Amino acid sequence: MIKSEALRAGILSLMFLLVLLGIWHVATLPKEQAASANDEYAKLMGKGAVKTTGFPTPAQLGETALKHISDPFYDKGPNDKGIGIQLGFSLARVGLGFALAALVAIPLGFVIGMSPLIYRALDPFIQVLKPISPLAWMPLALYTIKDSSISGIFVIFICSVWPMLINTAFGVAAVRREWLNVAKTLEVNAVRKAFQVILPAAAPTIMTGMRISMGIAWLVIVAAEMLVGGTGIGYFVWNEWNNLSLTNVIFAILTIGLVGMLLDLVFGRLQNLVTYVE
Amino acid sequence: MAFLDINGLSKTYAGSDGKPFAVFENVSFHIDKGEFVCIVGHSGCGKTSILNVLAGLDQASAGVVVMDQREVAGPSLDRGVVFQGHALMPWLSVMKNIAFAVKSRWPDWNRTQVTLHCQKYIDLVGLTGSEHKKPSALSGGMKQRVGIARAFAIQPKMLLLDEPFGALDALTRGVIQDELLKICAATHQTVFMITHDVDEAILLADKIMLMSNGPGAVIAEIVANTMPRGRTRNGIHHDPQYYRIRNHLVDFLVNRSKLFQSGEGGDRPKQPPLVRPGLAIDASPIQPRLHGAHGKVTPLVVSRKH
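Those protein sequences? They're chains A and B, same order as listed.
Note that our numbering has the first sequence beginning at 2, numbered continuously upward.
Note that our numbering has the second sequence beginning at 97, numbered continuously upward.
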């Protein structure tokens, strides 16, 4: 039953996709030229008798996608790099910023979660800093760091630090008292308690925070790269917009979506790994 | 000096109205080596609070606990605790849950030693074959067995059990009770156990401590189990002593436990009297049926107040 439901859902998804592509295809069909008076003008402009809406058809997109995918890693100067290279830059920035954030947020979250005093002391700072759009930090970052690429990493850092910090603190604070009591009666030292009791107990919550952080980081990197320019998938989108190549823009958008989905899948798997059933 | 000596133990909290609120007061008793002691009383009378103090998880407001000539201050591997809600770590398998305790006790042991030792205790509680299951895959009874194995595996000088069978069905409870009896007999373990179940107390304990209702609970009396060791679940019902003890305990819980409340006056014993229900008339021929044997219960040492 479940299997057949999965199958039916798959078929339905495919149908939705086909309908969507169909509408897209019809909407972007080349239109017949209405007036012949403009023929000469059209000839002057070096175009044929057909006029497109400017929006690419599904077929054109497919063609572009094939072209990009068949050669993802070419590098023909600063404004013409393969999609693979651009994605690589973005992923490297996200990875670095995210890793730095984890290095800061998880130990700090541990401390906050264990000490109600520090939690209360730091809470106002977290509450004020958390809702700030990460891009608002960009000017400050550019001014102080003076390097656009590192500024991008900093922006990723600042946006992914909060969910991880808050979730870690929450997870650590919510560790069941009885597990801590077991550790106490067994005279377990602080380090062992942290790594073998509190960490595994809080791991599902921490991993949820990391998953949220990764999602946000991937959202933010596109905007950040549009701002700082140079490399990355965000820069690619902006560059193609400047080239008025909507086909490339759409292709990039789809790529961003797919990569985001893959990242989330990876973290979903990690989450399953550390989740326990009580 | 007894193996475990508890003297004048009290636990007081600051109440909401600023007045101190006593959970239990002036609790004094002792446990000899190898003795199995149960404490019986109504919910909320502070049994668990006493156990937490003995375990070192909580501190008493007054009084001292001395075990093996050393004052109890903080938790120690010398006292193994079986918690009410088994308290297993759900991310670890049965083996690893026990190994966690074993590694705490003997940090220098290598992996083989730890595994062998754990296996011994897993076999002891009858969980052979479930070593690599996670607690979520075990029934309530099996989880509690793991908790017991974990506590036994560190070979503590004393075992503290906080209502370990409270959440189990009668059948499972019976089986594990038998196993606990067997293990304790084999290891000469000193045990302090909380229970709600009068029958369980009679089966397991050499000495049953009756706790009055809180707040300000006291140990009202200590009932010696007049049936010799080697009691079995199926056998104790045939001993006439069983009903005498049982009636005495039930009578206490139903009628007398509330008479010791704070401020009620005189009969709050400093050193609780030791009672041996039924022994005085035990010389007489065995009564065939003892239903309604209330009248046969020996005169109570603690006089009833009216």
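Positions of the beta carbon are idealized from the N, C-alpha and C atoms, including for glycine.
Predicted model only: the values in this text are computed from it and were never measured.
Exposed unless 16 or more other CB atoms sit within 10 angstroms - verdict on residue i
i               : result
V149 of chain B : buried
M258 of chain B : Note on identity: in this sequence residue 258 of chain B is Asp, with Met being the wrong assignment. With 16 or more Cβ atoms within 10 Å of its Cβ, D258 of chain B is classed as buried.
M238 of chain B : buried
S152 of chain A : buried
M71 of chain A  : Sequence inspection shows Ser at residue 71 of chain A; the Met mentioned does not correspond to that position. Label assigned to S71 of chain A: exposed.
H182 of chain B : buried
I234 of chain A : buried
S5 of chain A   : exposed
M208 of chain A : buried
I341 of chain B : buried
F74 of chain A  : exposed
A103 of chain A : buried
E296 of chain B : buried
I315 of chain B : buried
A142 of chain A : buried
N309 of chain B : buried
I257 of chain A : buried
F56 of chain A  : exposed
R246 of chain B : buried
V267 of chain A : exposed
L212 of chain B : exposed
Q367 of chain B : exposed
V20 of chain A  : exposed
Rounded separation between residue i and residue j - CA only
i               : j               : result
N122 of chain B : S106 of chain B : 5 angstroms
Y277 of chain A : R270 of chain A : 13 angstroms
I250 of chain B : L299 of chain B : 25 angstroms
S116 of chain A : W180 of chain A : 17 angstroms
I290 of chain B : R94 of chain A  : 58 angstroms
V242 of chain B : T286 of chain B : 19 angstroms
F237 of chain A : A253 of chain A : 8 angstroms
L352 of chain A : G114 of chain A : With chain A covering 2 to 279 only, the question about residue 352 of chain A has no answer from this structure.
K192 of chain B : Q180 of chain B : 20 angstroms
G359 of chain B : M97 of chain B  : For G359 of chain B, the predicted structure reports a pLDDT of 49, less than 50, and the residue's modelled location is therefore unreliable. A value from the coordinates is still provided. If you take the alpha carbons of G359 of chain B and M97 of chain B, they lie about 32 angstroms apart.
V168 of chain B : P231 of chain B : 32 angstroms
F158 of chain A : E188 of chain A : 38 angstroms
F155 of chain A : F126 of chain A : 18 angstroms
E131 of chain B : K303 of chain B : 8 angstroms
S226 of chain B : K278 of chain B : 21 angstroms
A106 of chain A : R201 of chain B : 33 angstroms
I135 of chain B : M307 of chain B : 7 angstroms
L184 of chain B : I146 of chain B : 22 angstroms
G85 of chain A  : E279 of chain A : 43 angstroms
G222 of chain B : I244 of chain B : 11 angstroms
P205 of chain A : V275 of chain A : 6 angstroms
I222 of chain A : S91 of chain A  : 7 angstroms
G236 of chain B : D265 of chain B : 9 angstroms
S353 of chain B : H292 of chain B : 13 angstroms
G23 of chain A  : L15 of chain A  : 12 angstroms
I332 of chain B : P311 of chain B : 34 angstroms
I102 of chain B : L123 of chain A : 44 angstroms
D204 of chain B : G152 of chain B : 25 angstroms
G210 of chain A : Q128 of chain A : 16 angstroms
The ligand NAP heavy atom lying under 7 angstroms from the CB of residue i
i               : result
A195 of chain B : The ligand NAP is absent from the structure shown, which contains no ligand whatsoever.
Counterpart residues of residue i in DSSP-defined beta bridges
i               : result
S214 of chain A : Paired residues: none, contrary to the question.
A313 of chain B : B:F120
E167 of chain B : B:V162
R175 of chain B : B:M254
Y109 of chain B : B:F117
F125 of chain B : B:I102
T291 of chain B : B:V136
L370 of chain B : B:I318
M307 of chain B : B:I315
T403 of chain B : With chain B covering 97 to 402 only, the question about residue 403 of chain B has no answer from this structure.
Neighbour list for residue i in chain C, Cβ cutoff strictly below 9 angstroms
i               : result
N182 of chain A : No chain C appears in the structure shown, which is made up of the protein chains A and B.
Below 8 angstroms, can you find three or more Cβ-Cβ pairs linking the region 345-353 of chain B to the region 311-319 of chain B? yes
Ignoring anything shorter than 4 residues or poking outside the region 205-272 of chain B, list the alpha helix (DSSP H) runs there in chain order. 207-220 and 236-249
Could you tell me whether the region 206-223 of chain A touches the region 83-100 of chain A, using the rule of 3 or more Cβ pairs below 8 angstroms? yes
Could you say if the region 180-199 of chain A and the region 225-245 of chain A meet the contact criterion of at least three C-beta pairs nearer than 8 angstroms? no
The region 137-151 of chain A contacting the region 162-172 of chain A, beta-carbon criterion three pairs below 8 angstroms: no
Whether or not the region 186-194 of chain B and the region 252-271 of chain B are in contact is what I'm after, with contact meaning three or more pairs of Cβ atoms, one per stretch, closer than 8 angstroms; do they touch? no
Check whether the region 192-200 of chain A touches the region 133-142 of chain A, taking contact to mean three or more Cβ pairs, one atom from each stretch, closer than 8 angstroms. no
Would you be able to state if there are at least three C-beta pairs under 8 angstroms between the region 239-259 of chain A and the region 74-91 of chain A? yes
Please go through the region 59-83 of chain A and give each complete alpha helix (DSSP H) segment of 4 or more residues, from N-terminal end onward. 59-71
Evaluate contact between the region 139-154 of chain B and the region 99-117 of chain B, counting only Cβ atoms and requiring at least three cross-stretch pairs below 8 angstroms. yes
Which whole runs of the alpha helix (DSSP H) in the region 219-274 of chain A are 4 residues long or more, in chain order? 234-243
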